[in-house]
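The sequence shown begins at 281 in our numbering and counts up by one. The C-beta atom is built at its ideal place from N, Cα and C for all residues, glycine as well.
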Amino acid sequence: MFDTLIRDMADRFGLGNKAKDLVAMVLAYITDPANGGLSGLLERFRSAGLGGLADSWLSTTEEPRIPTNDQVSTVFGASGGLLSALSDRLHLPKEAVTSAVGALLPALVSRLSPNGVLPATLPAEAVALIGSGKSLLGGLLGSGAAAAAGALGAGTAAASSAASSVSAAATHTATAASSGIGKWLPWIIGALVVIFGISYCGKKTPDTATAPPPAAPATTPAPAPEPAPASTPTPAPEPAATAPAPASAPTADAAPAGAAVIDSMVQDVPKLQVFFDSGKTDVPPEFADKSKALVGYLQSHADMKAVVSGFNDPTGDAAKNAELSKQRAMAVQAALAAAGVPVDRTVLEKPVETSDTGNTNAASRRVDVLLRAN
Numbered sequence: 281m282f283d284t285l286i287r288d289m290a291d292r293f294g295l296g297n298k299a300k301d302l303v304a305m306v307l308a309y310i311t312d313p314a315n316g317g318l319s320g321l322l323e324r325f326r327s328a329g330l331g332g333l334a335d336s337w338l339s340t341t342e343e344p345r346i347p348t349n350d351q352v353s354t355v356f357g358a359s360g361g362l363l364s365a366l367s368d369r370l371h372l373p374k375e376a377v378t379s380a381v382g383a384l385l386p387a388l389v390s391r392l393s394p395n396g397v398l399p400a401t402l403p404a405e406a407v408a409l410i411g412s413g414k415s416l417l418g419g420l421l422g423s424g425a426a427a428a429a430g431a432l433g434a435g436t437a438a439a440s441s442a443a444s445s446v447s448a449a450a451t452h453t454a455t456a457a458s459s460g461i462g463k464w465l466p467w468i469i470g471a472l473v474v475i476f477g478i479s480y481c482g483k484k485t486p487d488t489a490t491a492p493p494p495a496a497p498a499t500t501p502a503p504a505p506e507p508a509p510a511s512t513p514t515p516a517p518e519p520a521a522t523a524p525a526p527a528s529a530p531t532a533d534a535a536p537a538g539a540a541v542i543d544s545m546v547q548d549v550p551k552l553q554v555f556f557d558s559g560k561t562d563v564p565p566e567f568a569d570k571s572k573a574l575v576g577y578l579q580s581h582a583d584m585k586a587v588v589s590g591f592n593d594p595t596g597d598a599a600k601n602a603e604l605s606k607q608r609a610m611a612v613q614a615a616l617a618a619a620g621v622p623v624d625r626t627v628l629e630k631p632v633e634t635s636d637t638g639n640t641n642a643a644s645r646r647v648d649v650l651l652r653a654n
């Protein structure tokens, strides 16, 4: 479930063998019951005014949206917390870690929540990664519970100290009474009780907020590769208004047989078509070189955005193929971000028809990147 994602993160963000540790730590953090689990993660984004963004990760019709670095920092904190821990443990700049986490969150939530549902148990592969992530994160997990225990201990210590002080004062008062000031004894005792009562109340710590209830853990493998033809009908298409201007599908002669990137010009505007192997979401390594013209055009035309749309061949289960198209589009969006295109300059849009748009199955397994004015 996670091997392809780990390779993608390593390639896009130059993480190398650190990609697995990053995925493990983020997965352990977002599924930790002390942090609210997956439902707690989504609620944190909603509380930050990013509910639409978080909901897109569970949507079966909308492409998952990647948060910007500012949005990730707003939710997880610009200093301290998860981002600082990842930067320290991986020895990477916080800006690079923040970008990687932003691309990783939609992919993890989408993989763990097929059809927008949070399952009851985690798969064995996720459990193994979570165990590794917990050991790397250390005390960051369950910190809310530890803080509550610390506050309770402080309150207990304060009460014990106050009780000891009252006892000592009573002993001192008894000694004074034996020295001939017994007539003042009732007044002294009353004053001491009031003084130590005020002191104890002043030191009492406030109630610690109860940690949110654990979320139902999630499981379910990533979409299966496009299998042998099935009789499942294709889902109803989205309204035409949501689709970008159509790109011409490659002909049988022009389409590559497997993973590849074709760059071209349409009316002097760059266009990309990224092709995938059957059932795969890996962006070909040549993407960085082939996308230079499109990236340069975006950098010199602030009024343009990149519209990213995923397609699949018509064989196999239609619902799984639709999920595969979405994952491919997200992979290309992340590759554009790694090439220097800000996430807010890209738009994921589901085509009106995702299947059978090419003359061959190989031509249909692709993602189109078109440029459009804001």
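Endpoints, beta strand (DSSP E) assigned at residue i
i	result
Ile310	Taken as a continuous stretch (DSSP letters only), Ile310 belongs to no beta strand (DSSP E), being part of the alpha helix (DSSP H) at Lys298 to Ile310.
Gln553	Val549 to Phe555
Ser544	Ala540 to Val546
Residue i - DSSP class collapsed to helix/strand/coil
i	result
Thr354	helix
Val632	coil
Asp593	coil
Ser339	coil
Leu421	coil
Arg645	coil
Thr626	strand
Pro386	helix
Lys560	coil
Leu402	coil
Leu578	helix
Arg652	strand
Ala586	strand
Phe293	helix
Ala510	Because the pLDDT at Ala510 is just 45, under 50, the model does not fix this residue reliably, and the point stays unresolved.
Close-in-space but distant-in-sequence residues of the same chain around residue i (CB under 7 angstroms, 5 per side omitted)
i	result
Ala611	Asp288, Thr561 and Val563
Ala521	Because Ala521 sits at a pLDDT of 37, beneath the cut-off of 50, its placement in the model cannot be relied upon, and the following sentence gives the value as read from the coordinates. Closer than 7 angstroms at the Cβ level, and outside the excluded window around Ala521, lies no residue.
Leu417	Met305, Ala308, Tyr309 and Ala365
Thr340	Asn395 and Gly396
Arg608	Phe556, Thr561, Gly590 and Val647
Residue i versus residue j - alpha carbon distance
i	j	result
Ala573	Leu616	12 angstroms
Ala614	Thr378	13 angstroms
Glu405	Lys374	28 angstroms
Ala408	Ser415	11 angstroms
Glu603	Arg326	24 angstroms
Val554	Lys300	25 angstroms
Thr634	Asp368	42 angstroms
Ala568	Glu629	22 angstroms
Ala618	Asp557	22 angstroms
Asp624	Ile346	9 angstroms
Ala328	Ala642	42 angstroms
Leu392	Pro403	9 angstroms
Own chain partners of residue i with C-beta closer than 6 angstroms, once the 5 adjacent residues on each side are dropped
i	result
Leu384	Val306
Trp337	Pro344, Pro386, Val389 and Ser390
Counted within 10 angstroms of its Cβ, other Cβ atoms place residue i as buried (16 or more) or exposed
i	result
Asn297	exposed
Thr401	exposed
Ser228	In this structure the chain extends from 281 to 654, so residue 228 is not present and cannot be described.
Ala535	buried
Asn717	Outside the shown range of the chain (281 to 654) lies residue 717, about which nothing can therefore be said.
Asn654	exposed
Ala582	exposed
Asp593	buried
Gly538	exposed
Pro565	exposed
Alpha helix (DSSP H) segment containing residue i, residue limits
i	result
Ser364	Gly361 to Leu370
Ala537	Per DSSP, Ala537 belongs to no alpha helix (DSSP H) and is neither H nor E.
Gly396	Per DSSP, Gly396 belongs to no alpha helix (DSSP H) and is neither H nor E.
Glu323	Gly317 to Ser327
Beta-carbon contacts of residue i that lie in its chain and below 8 angstroms, excluding the five residues immediately before and after
i	result
Leu420	Tyr309, Gly361, Leu362 and Ala365
Ser353	Leu363 and Thr378
Distance cut-off 7 angstroms: residue i Cβ against heavy atoms of the ligand SAH
i	result
Leu370	No copy of the ligand SAH occurs in the structure displayed, which carries no ligand at all.
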